[in-house]
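Counting in UniProt numbering, the sequence shown runs from 1 upward without gaps. Glycine included, C-beta positions come from ideal geometry on N, C-alpha and C.
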Amino acid sequence: MSSHQKPRKTGQYGRLYDILEYEFTNDALLREALTHPSLEGGKHYQRLEFVGDRVLGLVIAEWLHDYYPSLDEGGLASRHTNMVRKEALAEVARDMKLPDFIHMAKSAEDNGGLKKSSILADVCEAVIGAVNQDGGYLNAQKLVRKFWTRYIDQDAIAQRDAKTRLQEWVQGRQMQTPKYVMTDRTGPAHAPFFTIEVRVKDWEPEVGKGTSKREAEQDAAAKLLRRLES
């Protein structure tokens with residue numbers, strides 16, 4: 001840490017401040033953003049989610065406008081939809097390590113609440129809303145740009161969302177759900193490398209590789225989808 005930077009707070013959210021690269025003046029706002037409605041008797045994330053949804057939409061719209069100067073309104077709109085979809089929000093929430101900080105009733109947690117994309121997406125928007133309310137729009141904009149940088153490249157979005165697009169393709173033709181089977185795992189425990197095969201009935205399977213199961217599945221899905229669509 002350089003000499004001109006003040007030290008981060010060391011409370012329960014100290015690690016999260018470091019991840020977000022933003023330190024709250026009002027910790028209560030952050031706690032509200034991280035609190036699931038299953039915890040009765042106090043504030044929860046839904047009001048801040050409302051704010052965060054609007055802030056995120058505006059930040060992404062402005063960013064796309066500048067990033068793609070020759071793109072028409074329809075092209076901007078489709079890219080905007082990709083960047084604010086539930087799956088992207090949930091993945092950003094995982095990048096932020098938000099599941100480690102969410103407060104929810106044990107019954108909701110036991111029901112898989114910390115893994116549900118819908119909940120993670122809501123909390124992600126609430127955190128953006130909380131930053132906006134605590135530190136203003138420019139800080140919220142900085143946060144969004146930090147965690148959405150990889151999504152601004154639409155080729156990367158298409159690659160990362162290949163599983164969803166493959167699922168939609170087979171469902172639209174009343175075909176069976178794709179199956180993903182890990183066929184190999186190499187490398188040490190701290191740096192594994194996965195080989196995964198995706199199978200759709202009546203079609204030759206495709207093989208994907210990656211440093212995580214998710215990456216390998218996306219790779220396999222993208223390859224099979226390209227073949228199916230051709």
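Check whether the segment 72-88 touches the segment 10-26, taking contact to mean three or more Cβ pairs, one atom from each stretch, closer than 8 Å. no
Is it the case that the segment 128-138 contacts the segment 179-198, given that we only count it when at least three CB pairs across the two stretches are under 8 Å?
no
message: Using a Cβ-Cβ cutoff of less than 7 Å, which residues in the same chain neighbour Arg165 once the five nearest sequence positions on both sides are dropped?
response: Looking up residue 165 in the sequence shown gives position 165. Excluding residues within five positions, the ones whose Cβ falls inside 7 Å are Leu225.
*asked:* Bridge partners for Tyr180 per DSSP, in chain order?
replied: Here the question's residue 180 lines up with position 180 in the sequence shown. Answer is Val198, bridged to Tyr180.
field: Ranges of the alpha helix (DSSP H) found wholly within the UniProt domain "RNase III" (13-136), counting only runs of at least 4
entry: 14-20, 27-33, 46-67, 73-84, 86-95, 106-110, 117-135
Count the CB pairs spanning the segment 95-106 and the segment 32-49 that are closer than 8 Å, and state whether there are at least three. yes
Check for me: the beta strand (DSSP E) holding Glu206 runs from which residue to which? Within the sequence shown, numbered from 1, the residue matching residue 206 stands at position 206. From DSSP, the beta strand (DSSP E) with Glu206 extends over 206-210.
### Query
Does the ligand SAM have a heavy atom nearer than 7 Å to the CB of Asp122?
The ligand SAM is not among the ligands present in this structure, which contains no ligands whatsoever.
Q) Is DSSP giving Arg173 helix, strand or coil here? A) Here residue 173 refers to the residue found at position 173 when the sequence shown is read from its first residue. In the structure shown, Arg173 sits in coil (DSSP, three-state: anything other than H, G, I, E or B).
Three or more C-beta pairs closer than 8 Å, one from the segment 39-47 and one from the segment 56-65: is that the case here?
no
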